[in-house]
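Peer 1:
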Amino acid sequence: AAAAELIAELGWGRVTTRAVAERAGLPHGSVSYHFRGKQDLLIESAMHAFQTALPTDHFQSLNSVTDHLGLIEAEIGDYESIDPVLSRLMLETMREAERDDRLRQQMGVLMGEYRELMIRTVRADQAAGAVFDSASAVGIATLLAAVGDGLLLHALLDPDLDIHAAIHALRVLLQRTN
Numbered sequence: 582a583a584a585a586e587l588i589a590e591l592g593w594g595r596v597t598t599r600a601v602a603e604r605a606g607l608p609h610g611s612v613s614y615h616f617r618g619k620q621d622l623l624i625e626s627a628m629h630a631f632q633t634a635l636p637t638d639h640f641q642s643l644n645s646v647t648d649h650l651g652l653i654e655a656e657i658g659d660y661e662s663i664d665p666v667l668s669r670l671m672l673e674t675m676r677e678a679e680r681d682d683r684l685r686q687q688m689g690v691l692m693g694e695y696r697e698l699m700i701r702t703v704r705a706d707q708a709a710g711a712v713f714d715s716a717s718a719v720g721i722a723t724l725l726a727a728v729g730d731g732l733l734l735h736a737l738l739d740p741d742l743d744i745h746a747a748i749h750a751l752r753v754l755l756q757r758t759n
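Have a look at this one:
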């Protein structure tokens with residue numbers, strides 16, 4: 582948690598193991614003992630923060646595309662509801678993943694797990710006639726994930742953005758028309 586906070590505050594490259602130990606109230610040697618290096622510590626910290634913030638079992642409990650959109654809306658619908666530490670951590674981690682193949686791979690696995698859960702939900706909604714079926718479930722799920730990330734970025738840059746209107750528009754676009 583201390584490392585994740587520092588990544589969000591300082592940026593990935595400016596975090597030191599000494600600062601993490603100090604923030605956590607631990608001796609510096611204990612951090613060095615448990616992690617092979619700063620990069621291992623930061624990667625594990627970021628991955629743990631994401632898995633804690635959006636646990637896979639929470640996504641498994643979403644029964645429809647509407648539930649997924651509701652989650653996106655609840656998480657970023659109002660600027661005040663956005664967790665600044667988590668959003669900064671996410672942005673810093675994505676930037677670092679461009680440079681670190683191991684981090685990119687781990688983030689890709691995590692994103693793939695979430696996307697796979699969305700694919701199953703989209704397929705079920707398509708079979709039930711709740712979501713149009715003229716596009717693949719994989720494509721729709723990928724777009725839904727990208728919409729969530731994109732809306733978060735837009736909300737961070739424009740606190741007055743009406744996320745609710747965007748989510749409503751997406752719900753309308755996804756509806757099956759006969």
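In the working numbering, the protein residues as written are 582 to 759.
From the three backbone atoms N, C-alpha and C, an ideal C-beta is built for every residue, glycine too.
Computed from a prediction, not measured in an experiment: that's the story for all the values here.
Report the start-end ranges of each alpha helix (DSSP H) in the stretch 635-709 that is 4 residues or longer and not cut off at the edges.
Peer 2: 637-641, 646-657, 665-678 and 682-709
Peer 1: For E679, count neighbouring Cβ atoms within 10 angstroms of its own Cβ and tell me buried if that reaches 16, exposed if not.
Peer 2: Your numbering for residue 679 matches position 98 in the sequence shown. Per the 10 Å Cβ criterion, exposed.
Peer 1: Based on the DSSP secondary-structure assignment, which residues constitute the bridge partners of Q756?
Peer 2: As a working note, residue 756 is residue 175 in the sequence shown. For Q756, which the question treats as bridged, DSSP gives the partners V712.
Peer 1: On the DSSP letters alone, give me the boundaries of the alpha helix (DSSP H) that R599 sits inside.
Peer 2: By 1-based counting over the sequence shown, the position of residue 599 is 18. Taken as a continuous stretch (DSSP letters only), the alpha helix (DSSP H) holding R599 covers T598 to A605.
Peer 1: Provide the residue span of the alpha helix (DSSP H) that contains A736, from first to last.
Peer 2: Residue numbering aside, residue 736 sits at position 155 when the sequence shown is read from its first letter. Its alpha helix (DSSP H) spans residues A718 to L738.
Peer 1: Measuring only the C-alpha atoms, how far is T647 from R752?
Peer 2: For the purposes of this step, residue 647 is identified with residue 66 of the sequence shown, where counting begins at 1. For the purposes of this step, residue 752 is identified with residue 171 of the sequence shown, where counting begins at 1. Near 7 angstroms, if we compare the C-alpha coordinates of R752 and T647.
Peer 1: A627: buried (16+ other C-beta within 10 angstroms of its C-beta) or exposed?
Peer 2: Counting from one through the sequence shown, the residue named residue 627 turns up at place 46. It counts as buried.
Peer 1: Going by DSSP in three states, G594 sits in which element: helix, strand or coil?
Peer 2: The residue given as residue 594 occupies position 13 in the sequence shown. Here G594 sits in helix by DSSP.
Peer 1: Where does the unbroken alpha helix (DSSP H) through G610 begin, and where does it stop?
Peer 2: In the sequence shown, the residue the question calls residue 610 occupies position 29. It spans H609 to H615 - the alpha helix (DSSP H) in which G610 sits, taken as one unbroken run.
Peer 1: Going by CA-CA distance only, name the one from H649, A584 and S611 that's closest to L622.
Peer 2: As a position in the sequence shown, residue 622 is number 41, starting the count at 1. If we check each option's Cα against that of L622, A584 comes out closest.
Peer 1: Measuring straight from C-alpha to C-alpha, what distance separates A600 and G710?
Peer 2: As a first step, residue 600 must be located in the sequence shown, where it is residue number 19. As a first step, residue 710 must be located in the sequence shown, where it is residue number 129. The straight-line gap from Cα to Cα measures roughly 54 angstroms.
Peer 1: Is D793 helix, strand or coil by DSSP?
Peer 2: A question about residue 793 goes unanswered here, because the residues of the chain that appear run from 582 up to 759.
Peer 1: Taking Cβ positions, are Q707 and A722 nearer each other than 8 angstroms?
Peer 2: For this step, residue 707 is matched to residue 126 along the sequence shown. For this step, residue 722 is matched to residue 141 along the sequence shown. No, the pair does not count as a contact, with Cβ atoms beyond the cut-off.
Peer 1: Can M688 and T702 be called in contact, C-beta distance under 8 angstroms?
Peer 2: As a working note, residue 688 is residue 107 in the sequence shown. As a working note, residue 702 is residue 121 in the sequence shown. No. Outside cutoff.
Peer 1: Should the stretch 603-612 be regarded as contacting the stretch 661-674, the criterion being three or more beta carbon pairs within less than 8 angstroms?
Peer 2: no
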